[in-house]
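See below for the structure under consideration.
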Ligand SMILES: NC(=O)c1ccc[n+]([C@@H]2O[C@H](COP(=O)([O-])OP(=O)(O)OC[C@H]3O[C@@H](n4cnc5c(N)ncnc54)[C@H](O)[C@@H]3O)[C@@H](O)[C@H]2O)c1
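Residue numbers (our numbering): 97 to 460.
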């Protein structure tokens, strides 16, 4: 089997705790050839720990002609890193949020077309325990029609969280609790509800923390076919939890988790012959060990696609739906009205920037 030669860019939190271990856990599929970070201590430590060369700059690593570049840098560096890497011949596995605007997402999608390389956005909730199984049953129609969806990400981040210089600012983080903390639960809900959405109305506010981006948001979603959904996000909750629920006509699937969905954290209920709530007899099926680690499971899917020369699952076109929904929430918050799918196009200030309040300030 041909092994992909991989470079990891960003040896900070998620680079060291998720991406580098995921690569190390797939020795048959890939080989780590370098890590990049301008912080000399971080890159040296990561290079020593994971046994690879350490570089200060992406271009030095691209000179090695990697097959795959993993972008675990702050969000404002994703778009340029992705485009440069694809132009150098590599596929990209990029942390969320992919970019800070639909315009930049479209630039990445255009680069996919021009280079024949793919940029895959990290969406580990889709790949972690139980999610794919729930999606399969909903998609098959075995649990009836999805009617109502809930995605509540109520987490806590103390003031020290924003010590990292890129956090909290429109220019570098792009968005707050909706974009940074709730991305995966929103993405998962949208995927479970069928992937499409029609309209969003929302409010995003900075209620408590001394930051530019929001620390709380609420929204409603209207799905094609009449389904409806609710989003709640915050970093202010003293009872941290992630809840994703889909009420379908014949079953209700609920995830009660925090940072990584496990199969055991899903429950699926239906009603018994007497009309009382009862666990669904078709859930759960046993799952492969791989699915306990969403980053690794998604990397394995990407590497299989790379080896087979086929399109991976989560290309830019796919992750753009989630980015557009988040952008619509910010636009609705800034304008005070519903935002329709497809209305944010070139010329709309929200096409050029995700963050509603900053754009509103520019417009005022
Ligand atoms: N999927 C998830 O569950 C998850 C969890 C946490 C963070 N993230 C995302 O991962 C990304 C990084 O977050 P983090 O918490 O690891 O941040 P971090 O600040 O801990 O790490 C970022 C690293 O990037 C390095 N860096 C800065 N500029 C660079 C450059 N030009 N080239 C190479 N490296 C550079 C920094 O020195 C730092 O070591 C963000 O997009 C964040 O939203 C995703």
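Just so you know, even glycine gets a beta-carbon here, dropped at the ideal spot from N, CA and C.
With 16 other Cβ atoms within 10 Å as the buried cut-off, status of residue 123: Flag for residue 123 reads exposed.
Residue range of the beta strand (DSSP E) that includes residue 150: Secondary structure note for residue 150: its beta strand (DSSP E) is the uninterrupted segment 149–151.
Length of the line joining the Cα atoms of residue 101 and residue 429: Straight across, the Cα-Cα distance linking residue 101 with residue 429 is about 43 Å.
N- and C-terminal bounds of the beta strand (DSSP E) containing residue 297: Start and end: 295–301.
The segment 207–214 touching the segment 272–289, judged by at least three CB pairs closer than 8 Å: The segment 207–214, when compared against the segment 272–289, does not touch it at the 8 Å Cβ threshold.
CB of residue 207 within 8 Å of CB of residue 422, strictly: No, Cβ-Cβ distance for residue 207 and residue 422 is not below 8 Å.
heavy atom of ligand 1 below 7 Å from residue 117 C-beta: Between ligand 1 and the CB of residue 117, the shortest heavy atom gap is not smaller than 7 Å.
Where the beta strand (DSSP E) through residue 375 begins and ends: Residue range 373–375 is occupied by the beta strand (DSSP E) that includes residue 375.
Three-state secondary structure assigned by DSSP to residue 251: Reduced to three states, the DSSP call for residue 251 is strand.
Pairwise C-alpha distance: residue 126 and residue 146: C-alpha separation (whole angstroms): 13 Å.
Enclosing beta strand (DSSP E) for residue 419 [first to last residue]: DSSP places residue 419 outside any beta strand (DSSP E); the residue lies instead in the alpha helix (DSSP H), whose first and last residues are 412–431.
Minimum C-alpha distance to residue 55 - residue among 402, 191 and 391: For the chain, the structure presents residues 97 to 460; residue 55 sits outside this window and is missing.
Closest residue to residue 130 among 110, 113, 345 and 155 (Cα-Cα distance): Comparing Cα positions, the closest option is 155.
Residue 368 versus residue 229 - alpha carbon distance: The straight-line gap separating the alpha-carbon atoms of residue 368 and residue 229 is approximately 22 Å.
Separation of residue 179 from residue 169, as counted between CA atoms: Taking the CA atoms as reference points, residue 169 sits about 14 Å from residue 179.
Given residue 163 as reference, the closest of 425, 149, 143 and 189 once Cα atoms are compared: Here the closest residue by C-alpha is 189.
Own chain partners of residue 267 with C-beta closer than 8 Å, once the 5 adjacent residues on each side are dropped: If you ignore the 5 residues before and after residue 267, its C-beta comes within less than 8 Å of the C-beta of 172, all in its own chain and listed in chain order.
Cβ-based neighbour list, residue 434, same chain, cut-off 6 Å, excluding 5 preceding and 5 following: Taken in chain order, the residues that qualify are 295 and 297.
Reduced DSSP secondary structure (H/G/I, E/B, other) of residue 318: If DSSP states are grouped into helix, strand and coil, residue 318 belongs with the strands.
Residue range of the unbroken beta strand (DSSP E) whose run includes residue 352: Residue 352 -> beta strand (DSSP E) spans 348–353.
Cβ pair residue 345, residue 241 closer than 8 Å: At the C-beta level, residue 345 and residue 241 come within 8 Å of one another.
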